[in-house]
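Note sheet for the following structure.
Number of protein chains: 2
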Amino acid sequence: MDVFAALADPTRREVIRCLAEGPATATELAAQFPVSRQAVSKHLGLLDEVGLVVATREGRETRYQLRPEPLRDAMSWMAAVGARWDDRLAALQRMLARPRREDSR
Amino acid sequence: MDVFAALADPTRREVIRCLAEGPATATELAAQFPVSRQAVSKHLGLLDEVGLVVATREGRETRYQLRPEPLRDAMSWMAAVGARWDDRLAALQRMLARPRREDSR
DNA sequence: GTCATCCGCAACCACGGGGTTGCAGATATC
DNA sequence: GATATCTGCAACCCCGTGGTTGCGGATGAC
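Protein sequences appear in the order of chains A and B. Just so you know, my numbering puts 120 at position 76 of the first sequence, and the rest follows in order with no gaps. Just so you know, my numbering puts 66 at position 22 of the second sequence, and the rest follows in order with no gaps.
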């Protein structure tokens with residue numbers, strides 16, 4: 045399962061959107077979704093495998109936190125593909141290719 | 045089927061990569077893949093539905109051409125999600141949000 | 001200690017989608 | 001006109017996966 049496949053599911057994208065506003069547990073997230081806690085938990089497990097999320101256990105609950113780095117990889121691929129067809133994507137590609145160290149957050 | 049789902053399949057991504065180097069027909073593409081022509085044709089049909097590709101019939105063959113606009117939409121979503129977690133993604137989001145008219149090549 | 005939560009694991013189901021093969025239609029080529 | 005390509009449509013198979021339910025194990029509250 046790669047990043048694109050992880051982003052393919054609408055529920056998963058919504059989970060990501062929620063996590064973008066702050067860390068949360070599986071049950072908290074499941075409360076705002078029409079699916080069961082187990083389903084959300086599965087999605088979070090997938091997102092964790094791909095690296096889009098990190099899980100930290102605190103007592104009896106585990107908080108999930110967004111990790112946007114894989115998104116940059118995906119965007120890099122897209123920018124590279126579209127670079128020779130779209131000037132703005134070419135500009136984005138140059139931007140993404142430029143390595144920096146003071147990255148995430 | 046949305047753009048992310050379209051990008052989820054590795055074969056489809058490879059097709060897109062090939063089309064980035066120039067238009068091609070289904071049979072031409074199938075020649076460089078381990079799958080049948082029909083499979084490639086299906087993928088091209090999907091990519092057409094999503095808008096990542098346009099098909100133009102010339103005589104008895106149909107050429108497929110890349111159309112990178114949907115990629116920008118996808119990148120825009122990702123940038124928006126990661127914006128509050130990553131400064132560079134925030135910069136990209138500002139860049140993608142800026143509307144222009146002299147777009148796709 | 002007892003009870004209530006929160007969680008993960010496992011089994012199970014249903015559906016979609018990637019792949020194949022086969023065939024019929026349309027277009028160049030001779 | 002006869003033939004060879006190029007294509008699209010349809011039927012079919014199989015496996016991955018999103019979803020469910022049920023259960024048992026940890027942890028916190030009383």
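Glycine residues also receive a C-beta, built at the ideal position from the N, C-alpha and C atoms.
Practice task
Give the DSSP bridge partners of residue 105 of chain B, in chain order.
Solution key: The sequence position of residue 105 of chain B within the second sequence is 61, counting from 1. DSSP output for residue 105 of chain B lists B:102 as bridge partner(s).
Exercise for the section: Indicate whether at least one CB of chain B lies closer than 8 Å to the CB of residue 107 of chain A. Expected result: Residue mapping note: residue 107 of chain A aligns to position 63 of the first sequence, counting from 1. For residue 107 of chain A, the answer is no, since every Cβ of chain B falls outside 8 Å of its Cβ.
Practice task
Answer with buried or exposed for residue 119 of chain A, where buried requires no fewer than 16 other C-beta atoms within 10 angstroms of its C-beta.
Solution key: As a position in the first sequence, residue 119 of chain A is number 75, starting the count at 1. By the neighbour-count rule (16 or more Cβ atoms within 10 Å), residue 119 of chain A is buried.
Problem - Distance, residue 102 of chain B Cα to residue 59 of chain A Cα - result: One-based indexing of the first sequence puts residue 59 of chain A at position 15. One-based indexing of the second sequence puts residue 102 of chain B at position 58. Each residue's alpha carbon lies about 45 Å from the other.
Practice task
Starting from the beta carbon of residue 61 of chain B, find every residue of chain A whose beta carbon is closer than 7 Å, and list them in chain order.
Solution key: Stepping through the second sequence from its first residue, residue 61 of chain B is reached at position 17. Chain A residues near residue 61 of chain B: 125.
Handout entry: One or two residues paired with residue 68 of chain B in a DSSP bridge
Key = Along the second sequence, read from residue 1 onward, the residue named residue 68 of chain B stands at position 24. B:108.
Exercise for the section: Use the C-beta contact count for residue 78 of chain B: other C-beta atoms within 10 angstroms, 16 or more gives buried, fewer gives exposed. Expected result: By 1-based counting over the second sequence, the position of residue 78 of chain B is 34. Exposed, by the Cβ-count rule.
Problem - Within 8 Å, strictly: CB atoms of residue 48 of chain A and residue 51 of chain B - result: Along the first sequence, one-based indexing puts residue 48 of chain A at 4. Along the second sequence, one-based indexing puts residue 51 of chain B at 7. Cβ distance < 8 Å, so residue 48 of chain A and residue 51 of chain B count as in contact.
Practice task
Would you list the one or two residues that DSSP bridges to residue 97 of chain B?
Solution key: As a working mapping, residue 97 of chain B is identified with position 53 in the second sequence. Answer is B:110, bridged to residue 97 of chain B.
Handout entry: Selection of the region 78-102 of chain B by Cβ proximity to chain A, strictly under 8 Å
Key = none
Exercise for the section: Give the secondary structure of residue 121 of chain B by DSSP, where H, G and I count as helix, E and B as strand, and everything else as coil. Expected result: One-based indexing of the second sequence puts residue 121 of chain B at position 77. Correct three-state label for residue 121 of chain B: helix.
Practice task
Please work out which residues of its chain come closer than 7 Å, Cβ to Cβ, to residue 71 of chain A, disregarding the five sequence neighbours upstream and downstream, and give them in chain order.
Solution key: As a first step, residue 71 of chain A is located in the first sequence; it is residue number 27 there, counting from the start. Closer than 7 Å at the Cβ level, and outside the excluded window around residue 71 of chain A, lie 81.
Problem - Cutoff 8 Å: residue 51 of chain A Cβ touching any chain B Cβ - result: Taking the first residue of the first sequence as 1, we reach residue 51 of chain A at position 7. Residue 51 of chain A counts as touching chain B.
Problem - CA-to-CA distance, residue 95 of chain A to residue 145 of chain A, given in whole angstroms - result: Within the first sequence, numbered from 1, the residue matching residue 145 of chain A stands at position 101. Within the first sequence, numbered from 1, the residue matching residue 95 of chain A stands at position 51. Residue placement at residue 145 of chain A is poorly supported in this model, since its pLDDT is 49, which falls under 50; the coordinates still yield a value, given next. Rounded to whole angstroms, residue 145 of chain A to residue 95 of chain A spans 19 Å at the Cα level.
Exercise for the section: Identify whether residue 85 of chain B lies in helix, strand or coil by the three-state DSSP scheme. Expected result: As a working note, residue 85 of chain B is residue 41 in the second sequence. It is helical.
Exercise for the section: Starting from residue 50 of chain A, trace the alpha helix (DSSP H) both ways and give me its first and last residue. Expected result: Here residue 50 of chain A refers to the residue found at position 6 of the first sequence. It spans 47-52 - the alpha helix (DSSP H) in which residue 50 of chain A sits, taken as one unbroken run.
Handout entry: Supposed close pair residue 97 of chain B, residue 115 of chain A - CB separation, criterion 8 Å
Key = Position 53 of the second sequence holds residue 97 of chain B. Position 71 of the first sequence holds residue 115 of chain A. So it is not a contact: roughly 24 Å between Cβ atoms.
Practice task
Verify whether the separation of the beta carbon atoms of residue 84 of chain B and residue 91 of chain B is less than 8 Å.
Solution key: What you label residue 84 of chain B is simply residue 40 of the second sequence in a count that begins at 1. What you label residue 91 of chain B is simply residue 47 of the second sequence in a count that begins at 1. It is not a contact, given that the beta carbons lie outside the stated cut-off.
Handout entry: Which of helix, strand or coil DSSP assigns to residue 76 of chain B
Key = Numbered from 1 along the second sequence, position 32 holds the residue referred to as residue 76 of chain B. The answer is coil: DSSP assigns residue 76 of chain B none of H, G, I, E or B.
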